[in-house]
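Q:
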Amino acid sequence: MVFYMFLSVLATVATEGLIFAGIYFYETEILAGEYKRVWGAAGQGRMSVNMMTMSETTMLDIMVILIFTMLLLVMYFILISHSFVTYVREIISGVEKMKSGDFQEEIPVRGEDEFSEIAYSINEMCRNLSETLEAQRAVEKTKDELITNVAHDLRTPLTSILGYLDLLSQGDFLTEDQKQKYLGIVSSKARQLETLIKDLFDYTRYDRDKVKIKKEILDLNLFMPQIVDEFYPSLMEYRLECRTEFYEGALNVEANGELLARAIGNLMSNAIKYGAEGKVIEVKTGRLENKVFVAVINYGKLIPSEKLHKIFDKFYRVESSRSLKTGGTGLGLAIAKNIVSLHDGNIWATSDEYGTRFQIELPVVAPHGGGNAMRTNYAQ
């Protein structure tokens, strides 16, 4: 504002300077002589000097000059500050829209003055506020989905447990075989509840930045065969062959062995449940520059591309029925993702004609040995 006032004063002084310079030259002797030559010595229309005293003439001139100066200053200030006033109105209009909840339209940033900085700051605040509101809406949506999914997964086995317990409580008409059968169903459903509650607890506990873990140096090539061996009964149950391809040499990572085994075990369980149609699953380890990887590949039903990016979300199931017969609690992959994040690693998945591949990548912490891959087959 001060700058615009300064420009207005300069413009006013320059304009008046030009005007007074013109008057000065007009009243010089040369111009006066030319006037007399053209119009005659009589000087028709001249004002008599005696009509006013010197003091009255001076006072009138000063008043006229002051009034003219003020009008000229106001006119220049309005002209020069017009763009500024218009810009201020745009900023005010943008703020009014933000007050009404419209965060989509940004205020244009013009120039590099204080008001352009204000407009930029308002736009930045608007973007941050919009992102915060979106995050809050996402949290609310996630919370609603969490409550719905937990309620569904708890209610289904609980309903069965209560139903069969009612039958057993009225069990005078039941045979001993029926009682044992119903007790077996109740036990199975109770274990399902236990698994769900344990997975819920683990998901919360392993959520990033909520738990500090103790790490040690582990060699994946010594670590992985033990994990694969633990799944031999499941492989036999689903009549699956497990082919392993381990990198020859050390693949050292800094990790918590128990948690990493849980994450890789969840990938194995997922591959066994959903890859039975393919008859084969593959487990691989390898080196990628400054990272090592563990890959679990199955050749069962493909995951649709539009659902692939959601599979690590908690409670997400590719099939929408949420039946425990066709899958788990929907927390296994989410838990694996949290555990990998705790190890500063990355987990991703692909699903195409070459199979469905889940891969964990972790930072390497020691030089690796050279060599080729070691292949092993675990028969059906």
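Yeah, the sequence shown ends on 394 if you go by this note's numbering, and it's all consecutive.
Don't be surprised by glycine CBs; every beta carbon is placed ideally from N, CA and C.
1) Relative to the C-alpha of Lys351, which residue among Thr370, Ala204, Tyr246, Leu376 is closest?
2) Does the beta-carbon distance from Leu182 to Lys193 come in below 9 Å?
3) For Pro122, count the other beta carbons within 10 Å of its own beta carbon; 16 or more makes it buried, fewer makes it exposed. Which is it?
4) Using only CA atoms, which one of Ile374, Gly344, Lys229 lies nearest to Lys212?
5) According to DSSP, Phe326 sits in a beta bridge with which residue or residues?
6) May I ask which residues mark the beginning and end of the alpha helix (DSSP H) holding Arg124?
7) List the whole-angstrom C-beta distance separating Ile227 from Leu316, where the pair is believed to meet the contact cut-off of C-beta under 8 Å.
8) Following the continuous beta strand (DSSP E) through Asp233, name the residue where it begins and the one where it ends.
9) Have a look at Gly115 and Met84 and give me their C-alpha separation to the nearest angstrom.
10) Who are Ser365's beta bridge partners in DSSP?
11) Along the chain, where does the alpha helix (DSSP H) that runs through Lys287 open and close?
12) Pull up the distance between the alpha-carbon of Met68 and that of Ala25, whole angstroms please.
13) Report the three-state DSSP secondary structure of Gly346 (helix, strand or coil).
14) Rounded to whole angstroms, what's the CA-CA distance from Val378 to Val306? Just pull it up for me.
15) So the beta strand (DSSP E) Glu251 belongs to, where does it begin and stop?
16) If you draw a straight line from the alpha carbon of Arg301 to that of Asn360, how long is it in whole angstroms?
17) Which of helix, strand or coil does DSSP assign to Gly292?
18) Measuring CA to CA, which of Tyr246, Asn280, Leu168 is closest to Leu210?
19) Exposed or buried, what is Gln206 when buried is set at 16 or more other beta-carbons lying within 10 Å of its beta-carbon?
20) Going along the chain, which residues of its own chain have a beta-carbon closer than 8 Å to the beta-carbon of Gly31, five neighbours each way excluded?
21) Between Ala309, Ser135, Thr299, which lies nearest to Leu236 when the distance is taken from Cα to Cα?
22) Do Phe215 and Leu234 have their C-beta atoms closer together than 9 Å?
23) Please name the residue, chosen from Val109, Gly125, Glu128, that lies closest to Glu119 on a Cα-to-Cα basis.
24) Please classify Ile92: is it buried, with 16 or more other beta-carbons within 10 angstroms of its beta-carbon, or exposed?
25) Under 8 Å Cβ to Cβ from Ala28, same chain only, skipping five residues before and after it: list those, please.
26) Hey, how far is the Cα of Val23 from the Cα of Met73?
27) Note down, in chain order, each residue of its chain lying with its Cβ closer than 7 Å to the Cβ of Gly292, except the 5 sequence neighbours on either side.
28) If you draw a straight line from the C-alpha of Leu249 to the C-alpha of Cys256, how long is it?
29) Since I believe Ile286 is in contact with Ile295 (beta carbons under 8 Å), could you give me their beta-carbon distance rounded to a whole number of angstroms?
30) Along the beta strand (DSSP E) that carries Phe260, what are the first and last residues, could you check?
31) Residue range of the beta strand (DSSP E) that Ile311 falls in?
32) Alpha carbon to alpha carbon, what distance is there between Ala149 and Ile105?
33) Are there 16 or more other CB atoms within 10 angstroms of the CB of Phe326, so buried, or fewer, so exposed?
34) List the DSSP bridge partners of Lys298.
35) Count the other CB atoms, across all protein chains shown, that sit within 10 Å of the CB of Pro247; report buried if there are 16 or more and exposed otherwise.
A: So, from the listed chains and residues:
1) Leu376
2) yes
3) exposed
4) Gly344
5) Its beta-bridge partners do not exist; DSSP assigns none.
6) Taken as a continuous stretch (DSSP letters only), Arg124 belongs to no alpha helix (DSSP H), as it is neither H nor E.
7) The Cβ separation is near 34 Å, so there is no contact.
8) 230–233
9) 44 Å
10) Thr370
11) 271–288
12) Unreliable placement is indicated for Met68, whose pLDDT of 48 sits below 50; no coordinate value is reported for it.
13) helix
14) 6 Å
15) Note, Glu251: premise wrong, no beta strand (DSSP E); alpha helix (DSSP H) at 246–251.
16) 14 Å
17) helix
18) Leu168
19) buried
20) none
21) Thr299
22) no
23) Val109
24) exposed
25) none
26) 23 Å
27) Asn312, Tyr313, Gly314
28) 7 Å
29) 7 Å
30) 255–261
31) 305–312
32) 27 Å
33) buried
34) Glu259, Ala309
35) exposed
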